[in-house]
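S.K.: Counting from 12, one number per residue, gives the positions in the sequence shown under our numbering.
Virtual Cβ for every residue (Gly too), placed ideally from N, Cα, C.
Note that this is a predicted model, so its numbers are computed, not measured.
Pasting in a structure now, in structure tokens, and then I'll have a few things to ask.
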Amino acid sequence: MFFPYEKSVYWLMMGAAYLLAVSTIYTGYASFGSYTLPVSALPAIPAAYVQHETPLSISLFSEPDAWTPYTVGEMSPDDEAIFYSPESKLPLKVVGIVRQRDSKKDLAIIDSASSQFTVSVSDIVQEHSSRIIRIFNDRVIISHQGLYQSLIMTQEGAFLP
Numbered sequence: 012m013f014f015p016y017e018k019s020v021y022w023l024m025m026g027a028a029y030l031l032a033v034s035t036i037y038t039g040y041a042s043f044g045s046y047t048l049p050v051s052a053l054p055a056i057p058a059a060y061v062q063h064e065t066p067l068s069i070s071l072f073s074e075p076d077a078w079t080p081y082t083v084g085e086m087s088p089d090d091e092a093i094f095y096s097p098e099s100k101l102p103l104k105v106v107g108i109v110r111q112r113d114s115k116k117d118l119a120i121i122d123s124a125s126s127q128f129t130v131s132v133s134d135i136v137q138e139h140s141s142r143i144i145r146i147f148n149d150r151v152i153i154s155h156q157g158l159y160q161s162l163i164m165t166q167e168g169a170f171l172p
């Protein structure tokens with residue numbers, strides 16, 4: 012050990028340094044015997060850098076800027092992997108699908124809170140600003156906010172070949 016004093020003096024000085032650090036943190040002042048020095052406060056953080064989200068509103072797996080292969084620019088609508096697009100959180104339900112030999116003529120019946128309507132490939136669902144990309148036997152793939160998402164047909168739905 013490089014400390015020139017005995018161990019007891021060493022631990023006494025370490026304890027004093029610890030107490031000084033703790034009192035400085037809690038009071039904002041550093042006291043050295045009869046001298047008291049104010050510790051300058053950190054500058055305020057600009058409002059642009061402050062995040063107002065609570066810890067409960069932050070999710071590791073639904074980060075808005077996180078990369079995903081199901082981004083509209085990353086995957087072609089003709090790619091077969093589009094079938095595995097994540098399920099949409101939109102309040103839309105597929106209640107029926109009619110498949111044709113020409114896939115561009117496929118139809119899907121979608122139930123929204125206000126009504127049911129029929130869509131085909133490249134139609135736009137006005138209520139939610141989403142576009143129909145592909146129609147499979149059990150799901151409809153939409154493009155919503157730059158991501159491919161699945162609307163999966165419910166058990167009550169019907170498939171007509």
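Can you give me the C-alpha to C-alpha distance between N148 and R110, rounded to a whole angstrom?
M.R.: The residue you call residue 148 lines up with position 137 of the sequence shown. The residue you call residue 110 lines up with position 99 of the sequence shown. Cα-Cα distance, rounded: 7 Å.
S.K.: Candidates D113, E98 and D134: which alpha carbon is nearest T165's?
M.R.: Residue 165 sits at position 154 when you count from the first residue of the sequence shown. Checking every option, the nearest Cα to that of T165 belongs to E98.
S.K.: Does the Cβ of I143 have 16 or more other Cβ atoms within 10 Å, making it buried, or fewer, making it exposed?
M.R.: Counting from one through the sequence shown, the residue named residue 143 turns up at place 132. I143 is buried by the Cβ-count criterion.
S.K.: Taking S96 and S161 to be in contact with their CB atoms under 8 Å, please state how far apart those CB atoms are, rounded to whole angstroms.
M.R.: As a working mapping, residue 96 is identified with position 85 in the sequence shown. As a working mapping, residue 161 is identified with position 150 in the sequence shown. About 5 Å separates the beta carbons of S96 and S161, which is inside the 8 Å limit, making them a contact pair.
S.K.: Measure the beta-carbon distance from A92 to V105 and round it to whole angstroms, keeping in mind my assumption that it falls under 8 Å.
M.R.: Translated into positions along the sequence shown, residue 92 becomes position 81. Translated into positions along the sequence shown, residue 105 becomes position 94. Contact flag wrong, Cβ pair sits at about 20 Å.
S.K.: Is DSSP giving Y32 helix, strand or coil here?
M.R.: For the purposes of this step, residue 32 is taken as the residue at position 21 of the sequence shown. Per the sequence shown, the amino acid found at residue 32 is Ala instead of Tyr. In the structure shown, A32 sits in a helix (DSSP, three-state: H, G or I).
S.K.: How far does the beta strand (DSSP E) with I93 in it extend, from its first residue to its last?
M.R.: Within the sequence shown, numbered from 1, the residue matching residue 93 stands at position 82. Looking at the DSSP string, I93 is not in any beta strand (DSSP E), and its letter there is neither H nor E.
S.K.: Name the DSSP beta bridge partners of Y184, please?
M.R.: Any property of residue 184 remains undetermined from this structure, which presents the chain solely from 12 to 172.
S.K.: Quick check on DSSP: helix, strand or coil for A119?
M.R.: Start at 1 with the first residue of the sequence shown, and residue 119 comes out as number 108. DSSP places A119 in strand when its eight states are reduced to three.
S.K.: With a 10 Å radius around its C-beta and 16 neighbouring C-beta atoms as the bar for buried, classify I11 as buried or exposed.
M.R.: Here the chain has residues from 12 to 172 only, and residue 11 is not among them.
S.K.: Just to confirm my understanding: we take S114, look at its own chain, exclude 5 residues before and 5 after, and list those with CB closer than 8 Å. What are they?
M.R.: As a first step, residue 114 is located in the sequence shown; it is residue number 103 there, counting from the start. So the qualifying residues of the chain are V132, R145 and I146.
S.K.: For R150, is the classification buried or exposed, using 16 other Cβ atoms within 10 angstroms of its Cβ as the cut-off for buried?
M.R.: The residue given as residue 150 occupies position 139 in the sequence shown. Buried is the call here.
S.K.: Measure the Cβ-Cβ separation of I135 and F128 and say whether it is below 7 Å.
M.R.: If you number the sequence shown from 1, residue 135 lands on position 124. If you number the sequence shown from 1, residue 128 lands on position 117. No, the pair does not count as a contact, with Cβ atoms beyond the cut-off.
S.K.: Tell me which residues share the same chain as Y81 and place their Cβ nearer than 7 Å to its Cβ, disregarding the 5 neighbours each side in the sequence.
M.R.: Here residue 81 refers to the residue found at position 70 when the sequence shown is read from its first residue. Only S96, P97, L158 and Y159 meet the Cβ criterion.
S.K.: I'd like the span of the beta strand (DSSP E) that includes S131, first residue to last.
M.R.: Residue numbering aside, residue 131 sits at position 120 when the sequence shown is read from its first letter. Q127 to S131 is the extent of the beta strand (DSSP E) around S131.
S.K.: So is L30 buried or exposed if we call it buried at 16+ other beta carbons inside 10 Å?
M.R.: In the sequence shown, counting from the first residue as 1, residue 30 sits at position 19. That one is exposed.
S.K.: If we count the other Cβ atoms within 10 Å of its Cβ and call it buried at 16 or more, is V20 buried or exposed?
M.R.: Locating residue 20 in the sequence shown gives position 9, where the first residue counts as 1. V20 should be labelled exposed.
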